[in-house]
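One structure is given here, and the rest of the page talks about it.
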Ligand code: NAP
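Residue numbers (the working numbering): 861 to 1115.
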């Protein structure tokens, strides 16, 4: 019997991990997506879409589908699903690993203001002065935090169009990563951006905007990551997560 791995996804890393694990003959890989994106890039292997119904629902799903291991490769800002995974793993005793790409760190020449929430990020945009041209890359779900700001212009980049409430002066850029440095330089220049707002998502796919901002002298408001459930082992890369599961599948096959 192949070892059944559930990959909680919605990120580039989760898709890459599924691609790597899918080639392993001793593994059966199921990727789980929340269903937020209308036309998601699907990983190879089995895919299920939609919520589980909290930690209890996930625990039920793990039992019903005879899951042997779970890798939480969700986005660092997808807080709830990571706590649900920790809860479900604890009740079912299914091993859980969190694949969390390291956060970004400011380098020489960066002008960062780190904040703890989207609400604080909105305040930071206001405090930067009126008439700002802000590049908002925090995703379409948190736009409500900026909806009251009527003296700034927002360039909002998201995969799907946002729903109201949105800021009154807003231009939409429908796109999805990975993004290139040349492309990000072009966005900042073409839209005359003078402040960038981002979550500390980490990873290479969306990092070029930070380099482009540094080069252009554009200040960056960075939203710090939310807390993670304690006691869950972590991998920082797809290779580390693949090694963890391959070690388990070898152990299971021989034991
Ligand atoms: P969240 O707040 O942690 O999750 C809310 C609920 O959505 C969860 O309780 C769960 O519903 C369901 N859910 C989330 N991820 C799921 C998954 N991979 N498979 C099945 N159900 C899932 O998450 P979110 O911030 O809304 O993000 C949703 C998805 O988008 C995540 O998979 C994440 O990897 C991806 N994403 C998020 C961000 C971000 O900034 N938050 C950015 C890029 C990608 P039930 O309780 O019913 O199980």
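Cβ coordinates follow ideal geometry from the N, Cα and C atoms, glycine included. Bear in mind that the values here come from a model prediction, so they are computed numbers and not experimental data.
| query | Taking the C-alpha atoms as reference points, what is the distance between residue 988 and residue 1079? | reply | 9 Å
Proximity of residue 1012 and residue 985 at Cβ, strictly below 7 Å
yes
TODO: May I ask whether a heavy atom of the ligand NAP can be found less than 6 Å away from the beta carbon of residue 892?
DONE: yes
With 16 other CB atoms within 10 Å as the buried threshold, where does residue 916 fall? exposed
- Message: Are the CB atoms of residue 927 and residue 866 within a distance shorter than 7 Å?
- Response: yes
| In the DSSP assignment, what residue or residues form a beta bridge with residue 932? | The bridge partners DSSP lists for residue 932 are 868 and 958.
Report the residue from 948, 961 and 1041 whose alpha carbon sits nearest the alpha carbon of residue 872. 961
Q) So, using beta-carbon positions, are residue 895 and residue 905 closer together than 7 Å? A) no
Checklist entry - Which full runs of the beta strand (DSSP E) of 3+ residues lie inside the stretch 990-1060, going along the chain? => result 992-996, 1012-1018, 1030-1034 and 1055-1059
Q: Could you tell me if the beta carbon of residue 896 falls within a distance shorter than 6 Å of some heavy atom in the ligand NAP?
A: yes
**Item:** Outcome for residue 1091 when other beta-carbon atoms lying within 10 angstroms are tallied against a minimum of 16
**Value:** exposed
Notebook entry, point to check: Tell me which same chain residues have a C-beta within less than 6 Å of the C-beta of residue 912, skipping the five on either side of it?
Noted result: 918 and 921
Determine the extent of the alpha helix (DSSP H) in which residue 951 is found, giving its start and end residues.
-> 939-952
Q) Which one of 885, 1062, 1060 and 994 has the shortest CA to CA distance from residue 1032? A) 994
- Item | Rounded C-alpha distance that separates residue 1044 from residue 1029 | 21 Å
Could you name the residues of the same chain whose beta carbon sits closer than 6 Å to that of residue 1038, not counting the 5 residues immediately before and after it, in chain order? Sequence-distant partners of residue 1038 (beyond 5 residues in either direction) whose C-beta falls short of 6 Å from its own C-beta, in its chain, are 1065.
Quiz item: Under a Cβ-count criterion, where at least 16 other Cβ atoms within 10 Å of its own Cβ denotes burial, should residue 1102 be classed as buried or exposed?
Solution: buried
message: Going by DSSP in three states, residue 1097 sits in which element: helix, strand or coil?
response: Of the three classes helix, strand and coil, the one that applies to residue 1097 here is coil, per DSSP.
- Message: Quick check on the DSSP output: the alpha helix (DSSP H) that includes residue 921 runs from which residue to which?
- Response: 914-924
Notebook entry, point to check: Taking Cβ to Cβ, would you say residue 1116 is nearer than 7 Å to residue 1026?
Noted result: Residue 1116 is absent from the structure shown; the chain starts at 861 and stops at 1115.
Q: Would you mind giving the Cβ-Cβ distance between residue 1018 and residue 1000, rounded to the nearest angstrom? I have them listed as a contact below 8 Å.
A: 4 Å
Open item on the list: Let's see if you can read the secondary structure: which residues bound the beta strand (DSSP E) around residue 893?
Closed with: Looking at the DSSP string, the run of the beta strand (DSSP E) that includes residue 893 is 887-893.
For this session: Would you mind sorting residue 864 into buried or exposed? The rule is 16 or more other CB atoms within 10 Å of its CB.
Result: buried
Three-state class that DSSP yields for residue 906 in the structure shown:
strand
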